[in-house]
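Novice:
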Amino acid sequence: MARDDPLRGIAALLGFLTIIPSRGSQQEAARHFYAVPVVGFVRGVITSISVLALAWFPPYVAAALALALHYAGQGFMHADGFSDFSEALIASKSGADPRAVVHDTHRGSFAIASFSVLSIVLFASSLYALSSRFMLAFVVAEMGEVVAIAAALQFGGREPYDGMASAFKEHMSGGALGFIALLSAVLIFLIGGGMLTILVPVASLIVGGLTAKAADRTLGFTNGDALGFAGEIAFAAALLMVAHA
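Going by my numbering, 92 is the number at position 18 of the sequence shown; the sequence numbering is gapless.
#1: Using a threshold of 9 Å, state whether the C-beta atoms of A288 and P275 are closer than that.
#2: Compare the beta carbon distance of A226 and A286 with 9 Å and say whether it is the shorter of the two.
#3: So what does DSSP say about T292, is it helix, strand or coil?
#4: Three-state secondary structure (DSSP) at P129?
#5: Helix or strand or just coil, what does DSSP make of E306?
#6: For F309 and E216, what's the separation of their Cα atoms in angstroms?
#7: Return yes when the Cβ of S200 is within less than 9 Å of the Cβ of F212, no when it is not.
#8: May I have the straight-line CA-CA distance separating H180 from F156, to the nearest angstrom?
#9: When we look at the beta-carbon of R207 and count the other beta-carbons within 10 Å, is it buried (16 or more) or exposed?
#10: When you compare each of P95, F107 and Y202 to G149 by their alpha carbons, which one comes out closest?
#11: Indicate the three-state DSSP secondary structure (helix, strand or coil) for I93 in the structure shown.
#12: Is there contact between the segment 123-133 and the segment 261-279, where contact requires at least three CB pairs shorter than 8 Å?
#13: DSSP state of Q100, grouped into three classes?
#14: Take A389 and list the residues in its own chain whose beta-carbon comes closer than 6 Å to its own, dropping the five residues that flank it on each side.
#15: Assuming the contact rule is C-beta atoms closer than 8 Å, P111 and V281 should be a hit. Round their C-beta distance to whole Å, please.
#16: What distance in whole Å lies between the Cβ atoms of G252 and A312, which are believed to be in contact at a cut-off of 8 Å?
#17: Starting from Q228 and walking both ways along the alpha helix (DSSP H), at which residues does that stretch end?
#18: Within 10 angstroms of its Cβ, does H318 collect 16 or more other Cβ (buried), or is it exposed?
#19: Give me, in chain order, the residues of the same chain whose beta-carbon lies closer than 8 Å to that of S188; leave out the 5 immediate sequence neighbours on both sides.
#20: Exposed or buried, which one is S326 when buried takes at least 16 other CB atoms within 10 Å?
And the structure:
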């Protein structure tokens with residue numbers, strides 16, 4: 075199979091951004107990042123099917139399962155980034171070096187607190203989304219997450235070292251971001267998202283752009299932790315929009 079075969083690239087992207095075993099390198103995944111909405115769609119469908127299987131359980135059980143699958147499906151990668159970047163943001167306000175914070179493998183109290191708050195917000199958002207009876211809500215939320223990550227990549231400064239975000243930044247462009255947002259909107263529309271077709275991609279673009287601005291101001295660049303932060307914020311926001319749409 076050719077190295078640049080799109081199917082192989084998408085499989086590499088799926089393996090890199092989920093816990094689904096797949097052949098392929100990070101470079102292959104980065105070259106085919108334009109297909110990231112497919113990964114979001116797969117993750118969302120898996121969560122939605124699992125939640126449907128627990129339809130006869132109390133809503134909080136289904137919401138807890140959805141939250142667990144959201145974290146586990148990504149290998150806790152974005153949640154880890156959210157914690158690190160949150161701690162860097164808070165540390166920068168107290169005079170600490172935010173770059174040292176994001177490279178510290180030990181979790182501080184700020185990181186633990188921010189992750190706890192995130193979990194509570196996501197749990198509440200999942201409950202709200204389930205109350206809407208739109209069982210593909212988690213597909214919509216995953217679409218929002220990938221758009222926000224793509225936006226942060228596009229608008230943020232490149233890492234000065236060979237990090238994960240740097241590899242994907244190399245293959246990112248305004249055209250790629252537009253394609254990702256458009257494909258996400260089409261997928262949301264096809265599953266009956268209605269007004270969410272426009273609301274979620276636009277809101278996610280804003281989240282990604284604001285995160286990139288904060289990261290560049292705090293760190294001087296936008297790294298993988300900032301991408302995870304943008305994704306988690308957009309995921310929660312999308313669930314809340316589902317509940318109120």
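All C-beta atoms, glycine included, are put in the ideal place defined by N, C-alpha and C.
Specialist: On the basis of the supplied data:
#1: no
#2: yes
#3: DSSP places T292 in helix when its eight states are reduced to three.
#4: For the sequence presented, residue 129 should be read as Ala rather than Pro. Coil at A129, not helix or strand.
#5: helix
#6: 6 Å
#7: yes
#8: With a pLDDT of 48 at H180, under the threshold of 50, the predicted position of this residue should be treated as unreliable, and no value is reported.
#9: exposed
#10: P95
#11: coil
#12: no
#13: helix
#14: The structure shown does not extend to residue 389, since the chain is modelled only from 75 through 319, so no value can be given for it.
#15: P111 to V281, Cβ: 16 Å. No contact.
#16: Not confirmed; about 19 Å, so no contact.
#17: A211 to F229
#18: For H318, the number of other beta carbons within 10 angstroms of its own is below 16, and it is reported as exposed.
#19: F156, S157, S160, E161 and I164
#20: Nothing about residue 326 can be reported from this structure: the residues present for the chain run from 75 to 319 only.
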